[in-house]
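Enquirer: This is the structure I have questions about; it appears just below.
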Amino acid sequence: MLLLLGVNLPDQKVVSVALTYFYGIGPLTARRICSRLSLHRECKLSELSEGQLNQLSTVLSEMTIENDLKRQIGANVQHLREIGTYVGKRHAMGLPVHGQRTRNNSKTAKRFNGIWLRKYSAPAGLGIFSSPLSGRQRSTKAAGDMAGAVTEQVAAAAAATGQAVVSDEAARRGNALKLEANALYAKRQYHEAIEKYTLAIESDPTVAAYYTNRAQCHLHTEGYGAARDDANAALALDPGFIKGYYRRASAHSFLGMLKEARADYREVVRRLPNDAGARQKYAECDKLYRRLQFEKAIDSEADRKRVADSVDLAKFSVPEDYQGPRMPLRRRLVPKPKPKQQPEAEAGAEPPEMVEVEEEYVDLAFVEGLADWFRDEKKLPERYMYAILLQADRLLRQLPTLVDVAIPDDAVLTVCGDVHGQYYDVLNIFKLNGFPSAKLMYLFNGDFVDRGSFSVEVIMLFLSLKLLYPDAFFLNRGNHESVGMNQLYGFQGEVKAKYPVQGAWLFALFQETFEALPIAHLIQDKIFVVHGGLYSRSTARNSTQPDGDGVVRLAELRDMARFYQPSHNSLMCESLWSDPQPQDGRRPSPRGTAIQYGPDVTREFCEKNGLTMVIRSHQQVDEGYEIAHNGQMVTVFSAPNYCDAGTNKGAYIRITPALECTYHKFGAVPHPDVRAMAYANVGLHM
1 MLLLLGVNLP DQKVVSVALT YFYGIGPLTA RRICSRLSLH RECKLSELSE
51 GQLNQLSTVL SEMTIENDLK RQIGANVQHL REIGTYVGKR HAMGLPVHGQ
101 RTRNNSKTAK RFNGIWLRKY SAPAGLGIFS SPLSGRQRST KAAGDMAGAV
151 TEQVAAAAAA TGQAVVSDEA ARRGNALKLE ANALYAKRQY HEAIEKYTLA
201 IESDPTVAAY YTNRAQCHLH TEGYGAARDD ANAALALDPG FIKGYYRRAS
251 AHSFLGMLKE ARADYREVVR RLPNDAGARQ KYAECDKLYR RLQFEKAIDS
301 EADRKRVADS VDLAKFSVPE DYQGPRMPLR RRLVPKPKPK QQPEAEAGAE
351 PPEMVEVEEE YVDLAFVEGL ADWFRDEKKL PERYMYAILL QADRLLRQLP
401 TLVDVAIPDD AVLTVCGDVH GQYYDVLNIF KLNGFPSAKL MYLFNGDFVD
451 RGSFSVEVIM LFLSLKLLYP DAFFLNRGNH ESVGMNQLYG FQGEVKAKYP
501 VQGAWLFALF QETFEALPIA HLIQDKIFVV HGGLYSRSTA RNSTQPDGDG
551 VVRLAELRDM ARFYQPSHNS LMCESLWSDP QPQDGRRPSP RGTAIQYGPD
601 VTREFCEKNG LTMVIRSHQQ VDEGYEIAHN GQMVTVFSAP NYCDAGTNKG
651 AYIRITPALE CTYHKFGAVP HPDVRAMAYA NVGLHM
């Protein structure tokens, strides 16, 4: 048993469960406490160090103080409601009445002050559990500071809501750090800016703008969950801070939570009814939300028929004026189509009658011509689009979820990371490293589409190369090979813009093809390649393991079903979304889904599966690649000048049959004047 704040706790209890059961703390708050103390979700009380126990005791003590205050202050506010004293209530809460300066004569305000002075000598300090000051209260405080002193009423109100009164020196230090962070943000050094904003918040946690500024940096670094948390913190400090609603709406949009984003924009419009920009953003978000809801409503899983089974290529022809590369023809035997009313053949029946059909196929001349055709901003005919997609879908569905890759003695394998629709940078990779062939093998590690505005060109060239070299050109699925991401980040808009008539059908067929992509590749039994990363302990423990140690095995990944959209925190989701972190252990990802994992997790995964290293992508790194976790975790990113908004390099890795890895960096090349995110639905929410 473990004694903590007068309560005897079973030391084998999970921390979050103990907090909920013995202290009456809600599950969400319990998870936040564990996250704040860097505890993994399955951490038991017996695993806590002495320092962690002291931190947990401090958190619980502060929460007890804050809850006691809230109960007493709530009684005072209720008293004001009962007597109907509007002016008194406004004064009690430290708010001006009809724009007048706050006066210091409210009896209830003095009662607030008395409660604080009698019971507690220091403010409770946990922002995530407090009900902080409004913007008007902070404005009153600032005016008092400029006059030379903070009024007794504001100090009492700040203490009563759990928010410390910051010294002049701390406030000046926080402002200086904010200015340094602003300068870094202007230089697009977002990670460094986040560090400075964090220091500013630690110095003065009462300024809502520090949180929204850091949230904007998180949006640029794809930390959408962290951006949402910062926006929530800013709005807790100041419920009227408009920028907080904008930042939270952006985070919700990037997370695909359009209903919540719409609510944030609606609140902005309510507070700023005459702001045309706010009304426009709300209208656009509302329109997108309603469209996606409609598409979801009519897309019934039970009644759905695969698009690949519905397409009749005979209805499409190549236009006579088409001057691009031509797919050669070949004859192939296929089952004779059945009449619609004819029942399915029973088991043991005679094999179906075969007929010979003529179909297009991919050869080297077509692929080389296609690369040049796309470079000149030309489009493929709809017939060729369907032909390539149908053949690629058929090929990919024959592959396992985890594909084994062997490098012949006279060959080399090049591993590339995210390219995100940056077609001209893909061509530059082939120029620098060589065009794909049976001896120059390639593995592209997911995120082929979205953001960049040439995603159709990238994916069609990649699928053509896969058809040409099925045993030498490999494709992993990324988190952006999914319908939710494509609807928001541009691929759906691009397909429909470039193919106005058949765009909806083509997009649906793309999704079926994406679902068929493998999740991971295993090079020479030693190098594991996956888009995101490794797995949460809870996910692994829920599955059957040979020795019950809770480590995900490659055999489990081989058996994993993949022909669907990723579900939250599943093995597939974590394969596509997880990120490494420098410290040991696991924690929730700032992206808002999956996890972050440390060197100990990587080491254990490699040891249990007989691996030497893991190659993953998913994150922009300034030099194009990053080696971490004692050399066992490598991130490779192949989209230089990412989204036309950075100075990062791209990189690729050349791997020999002896598994010797060499890393090559490259810069961005010019592309036609079509900006990144030109087709995205979330660009307006930044």
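So for the sequence shown, full-length UniProt numbering puts the first residue at 1; every next one is plus one. We put the beta carbon where it would ideally sit given N, CA and C, even for glycine. Computed from a prediction, not measured in an experiment: that's the story for all the values here.
Between which two residues does the beta strand (DSSP E) harbouring Asp230 extend?
Expert: As a working note, residue 230 is residue 230 in the sequence shown. Asp230 -> not in any beta strand (DSSP E); alpha helix (DSSP H) instead, spanning 224-237.
Enquirer: Counting along the chain, where does the beta strand (DSSP E) carrying Arg603 start and finish?
Expert: Translated into the one-based positions of the sequence shown, residue 603 becomes position 603. Per DSSP, Arg603 belongs to no beta strand (DSSP E); it is in the alpha helix (DSSP H), 599-609.
Enquirer: So what's His40 in DSSP terms, helix, strand or just coil?
Expert: Stepping through the sequence shown from its first residue, residue 40 is reached at position 40. Three-state DSSP puts His40 in coil, outside helix and strand.
Enquirer: Is Asn445 buried or exposed, if buried means 16 or more other CB atoms sit within 10 Å of its CB?
Expert: As a first step, residue 445 must be located in the sequence shown, where it is residue number 445. Asn445 is buried by the Cβ-count criterion.
Enquirer: With DSSP as the reference, identify every bridge partner of Gln596, one or two as the case may be.
Expert: Within the sequence shown, numbered from 1, the residue matching residue 596 stands at position 596. For Gln596, which the question treats as bridged, DSSP gives the partners Asp579, Arg587.
Enquirer: Between which two residues does the beta strand (DSSP E) harbouring Arg330 extend?
Expert: Working through the sequence shown from its first residue, we reach residue 330 at position 330. Element bounds for Arg330: 329-335.
Enquirer: Let's see if you can read the secondary structure: which residues bound the alpha helix (DSSP H) around Leu390?
Expert: Counting from one through the sequence shown, the residue named residue 390 turns up at place 390. It spans 382-396 - the alpha helix (DSSP H) in which Leu390 sits, taken as one unbroken run.
Enquirer: Going by the DSSP bridge assignment, what does Ala520 pair with across the sheet?
Expert: In the sequence shown, the residue the question calls residue 520 occupies position 520. Bridge partners of Ala520: Leu402, Val530.
Enquirer: State buried or exposed for Val334, treating a residue as buried only when at least 16 other CB atoms are found within 10 Å of its CB.
Expert: Locating residue 334 in the sequence shown gives position 334, counting from the first residue. It is exposed - the Cβ of Val334 has fewer than 16 other Cβ atoms within 10 Å.
Enquirer: Look at His618 and Asp372 and say whether their C-beta atoms are less than 8 Å apart.
Expert: For this step, residue 618 is matched to residue 618 along the sequence shown. For this step, residue 372 is matched to residue 372 along the sequence shown. Cβ distance not < 8 Å, so His618 and Asp372 don't count as in contact.
Enquirer: Ala639 and His420: beta carbons closer than 8 Å?
Expert: Translated into positions along the sequence shown, residue 639 becomes position 639. Translated into positions along the sequence shown, residue 420 becomes position 420. Yes.
Enquirer: Report yes if the C-beta distance between Gly225 and Ser589 is below 8 Å; otherwise report no.
Expert: For this step, residue 225 is matched to residue 225 along the sequence shown. For this step, residue 589 is matched to residue 589 along the sequence shown. Yes.
Enquirer: Roughly how many angstroms separate the alpha carbons of Glu360 and Arg332, rounded to a whole number?
Expert: What you label residue 360 is simply residue 360 of the sequence shown in a count that begins at 1. What you label residue 332 is simply residue 332 of the sequence shown in a count that begins at 1. So the two alpha carbons sit approximately 10 Å from each other.
Enquirer: Residues in its own chain within less than 6 Å of Phe491 by CB, not counting five upstream and five downstream?
Expert: The count along the sequence shown starts at 1 and reaches residue 491 at position 491. Within the same chain, Phe491 has close Cβ partners Val449, Asp450, Ser455.
Enquirer: Suppose you measure from the CA of Arg383 to the CA of Arg477; what does that come to, to the nearest Å?
Expert: Taking the first residue of the sequence shown as 1, we reach residue 383 at position 383. Taking the first residue of the sequence shown as 1, we reach residue 477 at position 477. About 25 Å.
Enquirer: Out of Lys187, Leu467, Ser464, Val458, point me to the one whose CA is closest to Val495's CA.
Expert: For the purposes of this step, residue 495 is taken as the residue at position 495 of the sequence shown. With distances taken between Cα atoms, Val495 lies closest to Val458.
Enquirer: Give every residue of the same chain whose Cβ lies closer than 6 Å to the Cβ of Arg562, excluding the five residues on either side of it in the sequence, and list them in chain order.
Expert: Stepping through the sequence shown from its first residue, residue 562 is reached at position 562. So the list reads Thr401, Ile519, once near-sequence residues are dropped.
Enquirer: Given a cut-off of 8 Å on the beta-carbon distance, is the pair Ile527 and Thr414 in contact?
Expert: The residue labelled residue 527 in the question sits at position 527 within the sequence shown. The residue labelled residue 414 in the question sits at position 414 within the sequence shown. For Ile527 and Thr414, no; Cβs fall outside 8 Å.
Enquirer: Could you name each continuous beta strand (DSSP E) segment of 3 residues or more that falls completely within the segment 619-661, going from the start of the chain to the end?
Expert: Complete beta strand (DSSP E) runs here, min 3: 625-628, 633-636, 650-655.
Enquirer: Cβ of His252 within 8 Å of Cβ of Arg586?
Expert: Reading the sequence shown from its first residue, position 252 is the one you call residue 252. Reading the sequence shown from its first residue, position 586 is the one you call residue 586. Not in contact: His252 and Arg586 (Cβ atoms no closer than 8 Å).
Enquirer: Count the other C-beta atoms from every protein chain shown that fall within 10 angstroms of the C-beta of Phe510, then say buried if there are 16 or more, exposed otherwise.
Expert: Your numbering for residue 510 matches position 510 in the sequence shown. Buried, by the Cβ-count rule.
Enquirer: What's the call for Leu364, buried or exposed, on a 16-neighbour Cβ count within 10 Å?
Expert: Taking the first residue of the sequence shown as position 1, residue 364 is located at position 364. The residue in question, Leu364, is exposed, as its Cβ has fewer than 16 Cβ neighbours within 10 Å.
Enquirer: My assumption, with CB atoms under 8 Å, is that Cys606 sits in contact with Gln632. Please give the rounded CB distance.
Expert: Stepping through the sequence shown from its first residue, residue 606 is reached at position 606. Stepping through the sequence shown from its first residue, residue 632 is reached at position 632. Between Gln632 and Cys606 the Cβ distance is about 5 Å, and since that is below 8 Å, they are a contact.
Enquirer: Buried or exposed: Lys281, going by 16 or more other Cβ atoms within 10 Å of its Cβ?
Expert: Locating residue 281 in the sequence shown gives position 281, counting from the first residue. Looking at its Cβ environment, which holds 16 or more other Cβ atoms inside 10 Å, Lys281 is buried.
Enquirer: Reducing DSSP to helix, strand and coil, say where Lys259 ends up.
Expert: Translated into positions along the sequence shown, residue 259 becomes position 259. In this structure, Lys259 counts as helix in the three-state DSSP scheme.
Enquirer: Apart from the five residues on each side of it in sequence, which residues of its chain come closer than 7 Å, Cβ to Cβ, to Arg138?
Expert: In the sequence shown, residue 138 corresponds to position 138, counting from 1. Bear in mind that the predicted position of Arg138 carries a pLDDT of just 38, short of 50, making it too unreliable to give a figure here.
Enquirer: How would you label Leu69, buried or exposed, when you count the other beta carbons within 10 angstroms and need 16 or more for buried?
Expert: Against the sequence shown, residue 69 aligns to sequence position 69. With a pLDDT of only 48 at Leu69, under the threshold of 50, the placement of this residue in the model should not be trusted; the figure read from the coordinates follows. By the neighbour-count rule (16 or more Cβ atoms within 10 Å), Leu69 is buried.
Enquirer: Taking the alpha carbon of Pro328 as the reference point, which residue from Asp673, Lys498, Phe366 has its own alpha carbon closest?
Expert: As a first step, residue 328 must be located in the sequence shown, where it is residue number 328. Looking at the Cα atoms, Phe366 is the closest of the given residues.
Enquirer: In the DSSP assignment, the alpha helix (DSSP H) including Phe462 goes from what residue to what residue?
Expert: In the sequence shown, counting from the first residue as 1, residue 462 sits at position 462. Note, Phe462: alpha helix (DSSP H), 455-468.
Enquirer: Met560 by DSSP, collapsed to three states: which one?
Expert: On the sequence shown, residue 560 is found 560 positions in, with the first residue counted as 1. The answer is coil: DSSP assigns Met560 none of H, G, I, E or B.
Enquirer: In angstroms, rounded to a whole number, what distance separates the CA positions of Lys378 and Ala30?
Expert: The residue you call residue 378 lines up with position 378 of the sequence shown. The residue you call residue 30 lines up with position 30 of the sequence shown. Distance between the alpha carbons of Lys378 and Ala30: 55 Å.
Enquirer: Taking its Cβ as the centre, do 16 or more other Cβ atoms sit within 10 Å of Asp673, making it buried, or is it exposed?
Expert: As a position in the sequence shown, residue 673 is number 673, starting the count at 1. The residue in question, Asp673, is exposed, as its Cβ has fewer than 16 Cβ neighbours within 10 Å.
Enquirer: Just the Cα atoms here: how many angstroms apart are Gly324 and Leu465?
Expert: Sequence index remark: in the sequence shown, residue 324 carries index 324 (1-based). Sequence index remark: in the sequence shown, residue 465 carries index 465 (1-based). Answer to the nearest angstrom: the Cα atoms are 17 Å apart.
Enquirer: Would Glu356 count as contacting chain D if we go by Cβ distances under 8 Å?
Expert: The structure shown has no chain D; it contains just one protein chain.
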